[in-house]
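One structure is given below, encoded as structure tokens.
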Amino acid sequence: MAAVTLGWDDGTTADRRLVARLNDAGVRATFFLNSGKLGLSAAQSGWKDYVGAEEVASLYAGHEVGSHTIDHPDLTALPDSAIAEQVAGDRAALEDLVGYPVRGFASPFRAQDSRVEAVLARTGIRYSRGPGTDRLGTPPPQPLRWVPAAHCLDNVTGILSRPRPGAVYCIWGHSYEYDEHDAWHRLDELLRAVTESGCWVATHAEVIDRLTR
């Protein structure tokens, strides 16, 4: 059986609407958060409003929370020590909020290389979603080098209408993109394609556990 994972980055307040839609559809997903930005208003962050730390556990209940660094730097531009601080600090802060081990990671700006992957491994990260696109849904040859199949605004009906046995279709994006593009109907289309695909719809951690057990 093929698998589908949905991953959403950053933790902006548009996640509230997204999570409500996912819950109504009975679809679980993974949310990659920047702990240093939680609770910031658009004026404070210079960009978007973020969900508050106090709501993380309840908002994402039933879903998986993963790391996205403390404050969203390009890790490839940092020394190893700073990468470790960004990842380990984010994990620790998020684990305090959700009460379970945070094992997954998504690279900010999708910027990731072998040096970053080596630091991720040393900081206890189990899997990482990085750069590239693979619409065939090839299972990640290495958990720290997971190539997604599509973006959340892509039309995924084609690749999910006839899923390849054993494929892993990782779909990623940001909830705020549905606001920016007035495209919440695309989320409805995505959820319909996912639920009608016959695929196993799971969190990233659940898929990695099955692939590596």
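Position in the sequence shown (first residue = 1) + 65 = the numbering used here.
Note that CB positions come from ideal geometry on N, CA and C, so glycine has one too.
Model, not experiment: these values are computed from the prediction.
| said: With DSSP as the reference, identify every bridge partner of R194, one or two as the case may be. | reply: Reading the sequence shown from its first residue, position 129 is the one you call residue 194. Paired residues: A171 and W211.
| task | Just grab the DSSP bridge partners of I236 for me. | result | As a first step, residue 236 is located in the sequence shown; it is residue number 171 there, counting from the start. BP columns for I236 point to L71 and A215.
| task | Take the Cβ of T268 as the centre, count every other Cβ of all protein chains shown within 10 Å, and call the residue buried at 16 or more, exposed below. | result | For this step, residue 268 is matched to residue 203 along the sequence shown. Buried: at least 16 other Cβ atoms inside 10 Å.
| message | As a quick exercise: from G72, G223 and E119, pick the residue whose alpha carbon is nearest that of L201. | response | By 1-based counting over the sequence shown, the position of residue 201 is 136. Per the Cα distances, G223.
| query | On the premise that V152 lies in contact with T188, defined as a C-beta separation below 8 Å, what is that separation, rounded to the nearest angstrom? | reply | The count along the sequence shown starts at 1 and reaches residue 188 at position 123. The count along the sequence shown starts at 1 and reaches residue 152 at position 87. Confirmed, about 5 Å.
| Does the ligand MG have a heavy atom nearer than 7 Å to the CB of A232? | For the ligand MG, the structure offers nothing, since it holds no ligand at all.
| Spatial neighbours of R168 in its chain, beta-carbon cut-off 6 Å, leaving aside the 5 residues before and after | Here residue 168 is taken as the residue at index 103 of the sequence shown, counted from 1. Cβ within range, chain order: R191 and A270.
| said: Could you check whether V121 and L105 sit closer than 8 Å to each other, using their CB atoms as the reference points? | reply: What you label residue 105 is simply residue 40 of the sequence shown in a count that begins at 1. What you label residue 121 is simply residue 56 of the sequence shown in a count that begins at 1. Contact: no.
| said: Given this structure, state the Cα-to-Cα distance separating L256 from D247, to the nearest angstrom. | reply: What you label residue 256 is simply residue 191 of the sequence shown in a count that begins at 1. What you label residue 247 is simply residue 182 of the sequence shown in a count that begins at 1. Cα to Cα, L256 sits roughly 17 Å from D247.
| Between which two residues does the alpha helix (DSSP H) containing T260 stretch? | Here residue 260 corresponds to residue number 195 of the sequence shown, with the count starting at 1. Note, T260: alpha helix (DSSP H), W249 to E261.
| field | Helix, strand or coil at V130 according to DSSP, with G and I counted as helix | value | Translated into the one-based positions of the sequence shown, residue 130 becomes position 65. Strand at V130.
| If you draw a straight line from the alpha carbon of A85 to that of R180, how long is it in whole angstroms? | In the sequence shown, residue 85 corresponds to position 20, counting from 1. In the sequence shown, residue 180 corresponds to position 115, counting from 1. For A85 and R180, the distance between alpha carbons rounds to 37 Å.
| Pick from A108, D145, Q207 and T198: whose alpha carbon is nearest that of V221? | Counting from 1 along the sequence shown, the entry for residue 221 is found at position 156. Out of A108, D145, Q207 and T198, T198 has the C-alpha closest to the C-alpha of V221.
| Where A157 falls, given that 16 or more other Cβ within 10 Å makes a residue buried | As a first step, residue 157 must be located in the sequence shown, where it is residue number 92. Classification of A157: exposed, given that the 10 Å Cβ count is below 16.
| Taking C-alpha atoms, which residue in A183, P228 and D219 lies nearest to E254? | On the sequence shown, residue 254 is found 189 positions in, with the first residue counted as 1. Nearest option by C-alpha distance: D219.
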